[in-house]
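Okay, so here's the structure we're looking at.
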Amino acid sequence: MLEVKNIKAHKDAYCEALKKRNFEAEEIFEEILHLDEERRSTQVQLDEILSESNNLSKQIGQLFKNGEAEKANQLKEKTTHLKDDSKQLSIQMNTTSDKIQELLFQIPNVPHDSVPTGQDEADNVEIFKEGDIPELTKNALPHWELAKKYDLIDFELGNKITGAGFPVFKGKGARLQRALISYFLDKNTEAGYNELQVPHLVNEESAYGTGQLPDKEGQMYHVTGDNLYLIPTSEVPLTNIYRQDLLNANQLPIQMTTYTPCFRREAGSYGAHVRGLNRLHQFDKVELVNIVKPEDSYEVLDQMVEHIKGILRELELPYRILRLCAGDLGFTSALTFDFELYSTAQERWLEISSASNFETFQANRLKIRYKDKNNKKKLVHTLNGSSLALPRVIAGLLENCQTDEGIKIPEVLVPYTGFEWIK
RNA sequence: GGAGAAAUGGCAGAGCGGUCGAAUGCGGCAGUCUUGAAAACUGUUGAGGGUCAUACCUCCGGGGGUUCGAAUCCCUCUUUCUCCGCCA
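Mapping the first sequence onto this note's numbering, position 347 (from 1) lands on 336, and the numbers just tick up by one.
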């Protein structure tokens, strides 16, 4: 959520930047600024009335104390109309504030200057590529075939228990998953991230805080009995830990990591691209969240990118990094880098991580602030990134590491899996 | 699920109809002393809105009510604690 004072100060620049997203902000900005004026003038009126009635109340108290009941009763009569007026005005003020809030919720984050223009994923800009794409033998298989061949993942069984998109991992498949989770968490804690375990269900307030509500309502599983949502990403509980907090500068940066399953309804997706592990309703992910001072956020974003690179390098997997174009940028993000892993058997790139800087957009919704050197209260910047999303890493790993003898586990993982080959 | 108690500033904790945005202690910050640090002493220290700055307004778990006036009384919800029941 953008701040009204920033809209006021940078209206033209914001309009210009939001055009990159095909978002015409001019009109909505005007309306917000107008409503803000209205809100303020209403408040001035309200404050005056409240001030007067506070004064009268004090006088009445004094008069009663002095035994001048008659005078007091005269003053009492004066307060009745003040009460009515203040009630009216406070309703009016709340209505206006709600309207402003509602409008602010509709506006996406302002893209960073470095975000390229573009309509959709085809316009994303590749900025880095690393790792050799292996030459596979003629018998090479896509991961869903490999999963079946080595009895690693059972998609049909998940179907029986829950439905499509809820696979059952078995034997070495399950162990490989657990190994990756441990490996990722170890890498993250080595880099200074604090490991946490968080709830997998969140309340409405949390979902609003990180921006899943109101605009992504249909994508979360909703537990209606208790009005809770299954998390689509652990970014939600992690970032909400600090909701409404006023931090001291020396508490920053806050670096958190956690492993959770993620639940996404992915309504309307189907077809070849969602086959196997490519797109699931439940999947595992290890997440990074950073809460930092505004002046540090872009440096931290770079660090996050370097950190994720390091992991992929160790896993010896071919990947590339994309700078998302304005059209493909998430609603809450100012700048996002996507990591894609090359799936050799499918001959396509799979998104396995996304590292974003939200600047103050989430922090403003969440009201996460800190006191800077001069004791000024400022909104923090929040960032997150996956390190990494498990299923597609497994998909890429199975496909790229397959040989005629079986699947060769990358060396760094062997201490975690306890085996070198899946045969 | 049943019975009882409670929720106050960063923390602990008083206040139980007007003088309360709130005593006191701890913590934080600034200063005195010290070669430096600690201790001691002195001062300062909640949040939001509003203003050029004051003034002023709002906030004592959330919501509603009584009253001229509510942290204080009433209703309701939530949470926490204790006891009981059920249970991984």
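Here a beta-carbon is modelled for each residue, glycine too, at the ideal position from N, C-alpha and C.
All of these numbers come straight from a predicted model, not from anything done at the bench.
Between the alpha carbons of D25 and G265, how many angstroms are there, rounded? Counting from one through the first sequence, the residue named residue 25 turns up at place 36. Counting from one through the first sequence, the residue named residue 265 turns up at place 276. Rounded to whole angstroms, D25 to G265 spans 51 Å at the Cα level.
Cβ-based neighbour list, H296, same chain, cut-off 6 Å, excluding 5 preceding and 5 following: Position 307 of the first sequence, counted from the first residue, corresponds to residue 296. So the list reads A180, once near-sequence residues are dropped.
I need the boundaries of the alpha helix (DSSP H) containing T228, first residue and last residue. Position 239 of the first sequence, counted from the start, is the residue given in the question as residue 228. From DSSP, the alpha helix (DSSP H) with T228 extends over 224 to 229.
Are the beta-carbon atoms belonging to G152 and Y331 less than 9 Å from one another? Position 163 of the first sequence, counted from the start, is the residue given in the question as residue 152. Position 342 of the first sequence, counted from the start, is the residue given in the question as residue 331. Not a contact, by the Cβ cut-off of 9 Å.
Quick check on V(-7): does DSSP put it in helix, strand or coil? Within the first sequence, numbered from 1, the residue matching residue -7 stands at position 4. Residue state, collapsed to three classes: helix.
Cutting at 7 Å between CB atoms, please list the residues of its own chain near P380, excluding the five before and the five after it. By 1-based counting over the first sequence, the position of residue 380 is 391. Cβ within range, chain order: L266, L269, F272.
Determine the extent of the alpha helix (DSSP H) in which M82 is found, giving its start and end residues. Position 93 of the first sequence, counted from the start, is the residue given in the question as residue 82. Start and end: 58 to 94.
Does at least one heavy atom of the ligand COA sit under 8 Å from the Cβ of Y248? Of ligands this structure carries none, so the ligand COA is not represented either.
Given this structure, state the Cα-to-Cα distance separating L92 from D109, to the nearest angstrom. Against the first sequence, residue 92 aligns to sequence position 103. Against the first sequence, residue 109 aligns to sequence position 120. Straight-line spacing of the CA atoms in L92 and D109 works out to 25 Å.
Could you check whether M(-10) and N353 sit closer than 9 Å to each other, using their CB atoms as the reference points? Along the first sequence, one-based indexing puts residue 353 at 364. Along the first sequence, one-based indexing puts residue -10 at 1. In this structure, M(-10) lies closer than 9 Å to N353 by Cβ.
On a Cα-Cα basis, can you pick out the residue from Y182, L402, N183, E206 that is closest to N192? Residue 192 sits at position 203 when you count from the first residue of the first sequence. Of the candidates Y182, L402, N183, E206, the one whose C-alpha sits nearest the C-alpha of N192 is E206.
Alpha-carbon to alpha-carbon, S103 and D317: Counted from its first residue, the first sequence places residue 317 at position 328. Counted from its first residue, the first sequence places residue 103 at position 114. Those two C-alpha atoms are separated by around 14 Å.
Cβ separation of S195 and P226, assumed to be a contact under 8 Å, to the nearest whole Å: Walking along the first sequence from the start, residue 195 turns up at place 206. Walking along the first sequence from the start, residue 226 turns up at place 237. Yes, they are in contact, since the Cβ atoms of S195 and P226 sit about 7 Å apart, within 8 Å.
When you compare the CB positions of V281 and P242, do they come within less than 9 Å of one another, or not? In the first sequence, counting from the first residue as 1, residue 281 sits at position 292. In the first sequence, counting from the first residue as 1, residue 242 sits at position 253. Contact: yes.
Is there contact here, the region 59 to 79 with the region 24 to 42, by at least three beta-carbon pairs under 8 Å? yes
Along the chain, where does the alpha helix (DSSP H) containing D175 start, and where does it finish? Start at 1 with the first residue of the first sequence, and residue 175 comes out as number 186. Residues 160 to 179.
Which listed residue (N98, M293, S375) has its alpha carbon closest to that of P250: Mapped onto the first sequence, residue 250 falls at position 261. Ranking the options by Cα distance to P250, first place goes to S375.
When the Cα of I326 is compared with those of I96, K118, Q95, which residue comes out closest? Taking the first residue of the first sequence as 1, we reach residue 326 at position 337. Residue identity check: residue 326 is Phe in the sequence provided, not Ile. With distances taken between Cα atoms, F326 lies closest to K118.
For L311 versus I116, is the C-beta spacing smaller than 9 Å? In the first sequence, counting from the first residue as 1, residue 311 sits at position 322. In the first sequence, counting from the first residue as 1, residue 116 sits at position 127. Yes, they are a contact pair.
Buried versus exposed call for K362 [16 or more other C-beta atoms within 10 Å across all chains shown]: Along the first sequence, one-based indexing puts residue 362 at 373. Classification of K362: exposed, given that the 10 Å Cβ count is below 16.
Inspect the beta-carbon positions of I396 and Y172 and report whether they are closer than 9 Å. Within the first sequence, numbered from 1, the residue matching residue 396 stands at position 407. Within the first sequence, numbered from 1, the residue matching residue 172 stands at position 183. No.
Roughly how many angstroms separate the alpha carbons of R10 and S343, rounded to a whole number? Translated into the one-based positions of the first sequence, residue 10 becomes position 21. Translated into the one-based positions of the first sequence, residue 343 becomes position 354. Rounded to the nearest angstrom, the two C-alpha atoms are 19 Å apart.
Going by C-alpha distance, which of G50, E20, D74 is nearest E37? One-based indexing of the first sequence puts residue 37 at position 48. When only C-alpha atoms are compared, the closest one is D74.
What span of residues does the alpha helix (DSSP H) with L379 cover, start to end? For the purposes of this step, residue 379 is taken as residue 390 along the first sequence, with counting starting at 1. 379 to 389 is the extent of the alpha helix (DSSP H) around L379.
Cβ contact check for the region 333 to 341 and the region 141 to 161: 3 or more pairs under 8 Å: The region 333 to 341 makes no contact with the region 141 to 161; the number of CB pairs closer than 8 Å stays below 3.
Among T31, I142, K298, T321, which residue has its Cα nearest to the Cα of A384? Here residue 384 refers to the residue found at position 395 when the first sequence is read from its first residue. Ranking T31, I142, K298, T321 by Cα distance to A384 puts I142 first.
Measuring alpha carbon to alpha carbon, tell me which residue in L125, E15, A111 is nearest T392. Within the first sequence, numbered from 1, the residue matching residue 392 stands at position 403. Nearest of L125, E15, A111 to T392, Cα basis: L125.
Once you ignore the five residues that flank E305 on each side, which residues in its own chain have a CB closer than 6 Å to its CB? The residue given as residue 305 occupies position 316 in the first sequence. Counting only Cβ-Cβ distances below 6 Å, and skipping sequence neighbours, we find P399.
DSSP three-state label for C417, please. Any property of residue 417 remains undetermined from this structure, which presents the chain solely from -10 to 412.
Could you tell me the alpha carbon to alpha carbon distance between R358 and K127, rounded to whole angstroms? Stepping through the first sequence from its first residue, residue 358 is reached at position 369. Stepping through the first sequence from its first residue, residue 127 is reached at position 138. Cα to Cα, the separation comes out at about 57 Å.
CB contact flag (T31, L78, <9 Å): Numbered from its first residue, the first sequence carries residue 31 at position 42. Numbered from its first residue, the first sequence carries residue 78 at position 89. Closer than 9 Å, so yes.
Looking only at its chain, what residues have a beta carbon closer than 7 Å to the beta carbon of Q244, apart from the 5 residues adjacent to it on each side? Looking up residue 244 in the first sequence gives position 255. Cβ neighbours of Q244 beyond the five flanking positions: G181, Y182, N183, N279.
Roughly how many whole angstroms lie between the Cα atoms of K88 and I96? Looking up residue 88 in the first sequence gives position 99. Looking up residue 96 in the first sequence gives position 107. K88 and I96: Cα-Cα distance of roughly 13 Å.
Within 10 Å of its beta-carbon, does H422 have 16 or more other beta-carbons around it, so buried, or fewer, so exposed? In the structure as shown, the chain starts at -10 and stops at 412, and residue 422 therefore has no counterpart that could be examined.
For D234 and Q51, what's the separation of their Cα atoms in angstroms? Start at 1 with the first residue of the first sequence, and residue 234 comes out as number 245. Start at 1 with the first residue of the first sequence, and residue 51 comes out as number 62. In this structure, the CA atom of D234 is about 41 Å from the CA atom of Q51.
Segments of 3+ residues assigned as beta strand (DSSP E) that fall wholly inside the region 102 to 133: 114 to 119
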